[in-house]
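Report on the structure given below.
In this note's numbering, the protein residues as written are 1 to 187.
Structure follows, in structure tokens:
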């Protein structure tokens, strides 16, 4: 398979560092041209699944503007310019929960939208998380920290209490990784 080619780009909307929209002209491998292909530019971000030494998960209950009602949410945020993704994950864990982790596992980084951009998500599991203080509450959303057992988290995930696609991917992949690698009991 051959990649698509970008013929031209035109900036259509500039909302600052968090969102830009371009109009691309693209050429498919078979030669067809599409003139009005929307492309979304937003910063890459990190998502963190914190796990304590008791094999419980630290998450948030919160309301998000684009979500209907309360959702279960992991730690997460944008990667600053010139910041390493792992350093961003550590910073977000410290700022949002006042915690640090003894071990970090990368689950990879993935496109937010396969056709229209939108930044890449870098997914991490933080193991042996402990509270150290230093929480910085500068988020717009009201958040309540919760601690869930693995079976509780699985139920919340499958019952629709996690309402953002990237968060679902992080939690689902995280639970599978932890079970497959002996951190949690097998199914």
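Just so you know, even glycine gets a beta-carbon here, dropped at the ideal spot from N, CA and C.
Quick caveat, the model's predicted, so the values are computed rather than measured.
Between the C-alpha atoms of residue i and residue j, what's the straight-line distance to the nearest angstrom?
i, j, result
"residue 35", "residue 1", "22 Å"
"residue 181", "residue 23", "44 Å"
"residue 130", "residue 121", "24 Å"
"residue 188", "residue 28", "What is shown of the chain runs 1 to 187, which leaves residue 188 out entirely."
"residue 71", "residue 30", "43 Å"
"residue 96", "residue 186", "30 Å"
"residue 16", "residue 66", "20 Å"
"residue 145", "residue 47", "16 Å"
"residue 3", "residue 116", "14 Å"
"residue 58", "residue 81", "27 Å"
"residue 148", "residue 109", "25 Å"
"residue 45", "residue 5", "25 Å"
"residue 90", "residue 78", "12 Å"
Could you pull out every residue in the same chain whose Cβ sits closer than 6 Å to the Cβ of residue i, ignoring the five residues on either side in sequence?
i, result
"residue 178", "184"
"residue 8", "25"
"residue 150", "184"
By Cβ distance, which residues of its chain are closer than 7 Å to residue i, with the 5 residues on each side in sequence left out?
i, result
"residue 42", "18, 19, 118 and 119"
"residue 142", "62 and 63"
"residue 111", "120"
"residue 136", "95"
DSSP beta-bridge partners for residue i?
i, result
"residue 106", "124"
"residue 45", "78 and 121"
"residue 143", "62"
"residue 22", "11 and 39"
"residue 70", "63"
Note down, in chain order, each residue of its chain lying with its Cβ closer than 8 Å to the Cβ of residue i, except the 5 sequence neighbours on either side.
i, result
"residue 107", "123, 124, 125, 170, 173, 174 and 177"
"residue 168", "157 and 162"
"residue 73", "59, 60, 61, 62, 64, 143, 162, 164 and 167"
Write down every uninterrupted run of the alpha helix (DSSP H) in the region 149-178 whose length is 4 residues or greater and which is fully enclosed by it, in chain order. 150-158
Any chance the region 82-99 sits against the region 156-169, with 3 or more Cβ pairs inside 8 Å? no
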